[in-house]
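Chains as they are written, first to last, in the working numbering: chain A, 460 to 742; chain B, 460 to 742.
Think of the CB as a built atom: it goes at the ideal place given N, C-alpha and C, for glycine as much as any other residue.
Quick notes on the structure that follows.
2 protein chains.
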Amino acid sequence: MRNFMEMLHAKWDEGKFVCVGLDSDPTKIPESVGKGTVSQEQIVEFNSRIIDATRDLVCAYKPNIAFYATYGIPGWHALRNTIDWVNQVAPEIPVILDAKRADIGNTNRGYVAEVFDVLGADAVTVNPYFGAEALQPFLERKDKGIIVLCRTSNKGAGEFQDLTVLGQGPLYRVVAQHVASEWNKNGNCALVIGATYPAELAEVRGIVGDGFPILIPGIGKQGGDLEKTVNAGRDSKSQGMIINSSSGIIFASDGEDFAEAARRETEKLHNGITQILKGAVTT
Amino acid sequence: MRNFMEMLHAKWDEGKFVCVGLDSDPTKIPESVGKGTVSQEQIVEFNSRIIDATRDLVCAYKPNIAFYATYGIPGWHALRNTIDWVNQVAPEIPVILDAKRADIGNTNRGYVAEVFDVLGADAVTVNPYFGAEALQPFLERKDKGIIVLCRTSNKGAGEFQDLTVLGQGPLYRVVAQHVASEWNKNGNCALVIGATYPAELAEVRGIVGDGFPILIPGIGKQGGDLEKTVNAGRDSKSQGMIINSSSGIIFASDGEDFAEAARRETEKLHNGITQILKGAVTT
């Protein structure tokens, strides 16, 4: 039986922290695969060549469902076949479906079936706004990872997330505290903190402690600094991080060498993290 | 060109405030349509018979995408064909896709395409947690309705939504203020407030003023009281409300008379609202 946390910890033990974001916007897929007129098979070809070129270096893959949903049925098939491909060629690597789902409890059962049973993901991102009571259908799936938005990577994230809650500090901190201390009864929770906010990342690591996974998007194109990110996000065992890069890896080249370029960028990120963790680079 | 706000105001001018929630869980569809082994055609048959039986009484239809997504591809087709059916037989009635979407800006473009361009909805529900900057791809669609979660109907909604923001009151109030005063530059915003929280509903009506649409789920099965809801949610022109009922209408009967039963419940709700607005019932 696949178990997200066990799979993730096994990858951490191998020193792997890179997550490749398969945000395979069909308008950006290299011409050699079929730019402009991409079919579902071409999206899967693009993804599977990236997966084949990077799977010895990563701790997870993370397709964002929005980039597939925009293409309707062909996109849906492409997403499902991409997840199947990971399960086939790299069954030890977990797939995080980045879907930011949340609704009231009864309705969440539909999303749980979509994400885990129909699409076959090992983990999902969820939005905390409804509270834990509504998210029970997700939280009760012990073998799956439930990754809760905390401090998102976008520029305007602070509009609500930074609001000061009376006697408790900023809202994102309250979310982190609730998730770590109350939501995590099955040991299946994680948090999302953008690499663009290293101070908040360090603060949240202090709240959640060792071994608690933090998914960190925003490295690269969005401007997150790797050294600050790793030093803020690592736990005392130099683990706990899922460091995501999407377009910086998958669209590193728009030529025929896109898979090699993706590997090069993944390796660069992996080596960078390794060096920082070894203390070869210090802040 | 279809415009959500104009369509909604036209229905309000006809005195119509009921929204039928097409949460057509295939496991609950009457046996006469095909319980247990429902196909996409049977889901559409069920929905279209409900639509045909209720369309002279409602201001909107609101399918929740989770109940379709749980069935993968057949569900996707059923959803799209249901929206097409409304557009065909009742082109004057707007369709709200209840999808609670939200991501960072670039990614939201995928969802915007999914909801408006691929599925053809007139409005969508969104989650405020990322802030307005991220939701721009939604907010800039002037002809579409962007309905922001504010105080949701679930029991545990208060976990974060009721937190007191320093100097500003509860979080849901801050969300209402931001949406009404800053997000609504294109006049296309609305809010979601659960019928289960009439005091909060009255408070938010005071913040957003006349004409601002509030989508109100939670009547019926979830326990919301109609009289309290209408008196709290109405604006000074006795308009401004989209009062949703889902299973109370669509699953009113599990027999062959399900469409007639749905009409009876819709009429009951419509008449109840009308009586309350006329002041025949007072609190």
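Residues near residue i by beta carbon distance below 6 Å, same chain, minus five either side
i                  : result
Gln-807 of chain A : The question about residue 807 of chain A has no answer here: the residues shown for chain A are numbered 460 through 742.
Asp-482 of chain A : Asn-523, Phe-526 and Ser-705
Val-663 of chain B : Ala-635 and Ile-652
Gly-677 of chain A : Ser-612, Gly-653, Ala-654, Thr-655 and Gly-683
Phe-476 of chain A : Cys-518, Met-700, Ile-702 and Ile-732
Asn-645 of chain B : Lys-601
Asp-716 of chain B : none
Phe-463 of chain B : Pro-553, Asp-581, Ala-582, Lys-603 and Gly-604
His-729 of chain A : Val-477 and Leu-516
Ala-591 of chain B : Trp-642
Leu-660 of chain A : Ile-652, Ala-691 and Gly-692
Gly-493 of chain A : Gln-501
Asn-401 of chain A : In this structure chain A extends from 460 to 742, so residue 401 of chain A is not present and cannot be described.
Environment of residue i [buried if 16+ CB atoms lie within 10 Å]
i                  : result
Ile-532 of chain B : exposed
Gly-569 of chain B : buried
Gly-653 of chain B : buried
Gly-714 of chain A : exposed
Asp-758 of chain B : Since the displayed chain B opens at 460 and closes at 742, residue 758 of chain B lies outside it and no answer follows.
Pro-550 of chain A : exposed
Gln-681 of chain A : buried
Thr-496 of chain B : exposed
Glu-599 of chain B : exposed
Glu-618 of chain B : buried
Ala-658 of chain A : exposed
Gly-480 of chain B : buried
Gly-738 of chain B : exposed
Glu-490 of chain A : exposed
Glu-641 of chain B : exposed
Gly-665 of chain B : exposed
Thr-486 of chain B : exposed
Gly-626 of chain A : exposed
Terminal residues of the beta strand (DSSP E) in which residue i lies
i                  : result
Tyr-527 of chain B : From DSSP, Tyr-527 of chain B is part of no beta strand (DSSP E) but of the alpha helix (DSSP H) over 525-528.
Ile-673 of chain B : 673-675
Ile-488 of chain A : Looking at the DSSP string, Ile-488 of chain A is not in any beta strand (DSSP E), and its letter there is neither H nor E.
Val-477 of chain A : 477-479
Sequence-distant residues of the same chain with beta carbon closer than 7 Å to residue i, five excluded per side
i                  : result
Thr-741 of chain A : Unreliable placement is indicated for Thr-741 of chain A, whose pLDDT of 48 sits below 50; no coordinate value is reported for it.
Ala-558 of chain A : Ile-524, Val-574, Val-583 and Thr-584
Val-624 of chain B : Leu-630 and Val-633
Glu-465 of chain A : none
Leu-538 of chain B : Pro-522, Ile-524, Tyr-527 and Leu-578
Gly-679 of chain A : Ser-704 and Gly-707
Trp-535 of chain B : Tyr-527
Gly-474 of chain A : Thr-733
Thr-725 of chain A : Val-477, Val-479, Thr-513, Leu-516, Val-517 and Ile-708
Leu-736 of chain A : Val-689, Arg-693 and Ser-697
Residue i, enclosing alpha helix (DSSP H) - first and last residue
i                  : result
Leu-516 of chain B : Per DSSP, Leu-516 of chain B belongs to no alpha helix (DSSP H) and is neither H nor E.
Ala-691 of chain B : 685-692
Val-663 of chain B : 657-667
Ala-649 of chain B : Ala-649 of chain B -> not in any alpha helix (DSSP H); beta strand (DSSP E) instead, spanning 648-652.
Val-545 of chain A : 531-548
Glu-465 of chain A : 463-472
Beta-carbon proximity list for residue i, same chain, < 8 Å, skipping 5 on both sides
i                  : result
Asp-669 of chain A : Asp-694, Ser-695, Lys-696, Gln-698 and Gly-699
Ala-469 of chain A : Glu-551
Leu-622 of chain A : Pro-629 and Leu-630
Arg-723 of chain B : Ala-711
Ala-593 of chain B : Ala-561, Asp-562, Ile-563, Gly-564 and Asn-567
_Sequence ranges, beta strand (DSSP E) only - wholly within the segment 550-633 of chain B, length at least 3_ = 555-560, 582-585 and 604-610
**Asked** Can you give, in chain order, each stretch of the beta strand (DSSP E) that sits fully within the segment 699-729 of chain B and has at least 3 residues?
**Response** 700-704
Chain E contacts made by the segment 563-582 of chain B, where a contact means CB separation under 9 Å = Here chain E cannot be found, since the structure's protein chains are A and B.
So, does the segment 649-659 of chain B touch the segment 596-606 of chain B, judging by three or more C-beta pairs under 8 Å? yes
Using a Cβ distance threshold of 8 Å, determine whether the segment 499-506 of chain B contacts the segment 684-694 of chain B, with at least three qualifying pairs required. With a cut-off of 8 Å, the segment 684-694 of chain B and the segment 499-506 of chain B do not count as touching, because too few Cβ pairs lie within range.
| said: Any contact between the segment 536-546 of chain B and the segment 573-581 of chain A? By contact I mean 3 or more CB pairs, one from each, below 8 Å. | reply: no
| Do three or more CB pairs link the segment 579-587 of chain A to the segment 505-516 of chain A at distances below 8 Å? | no
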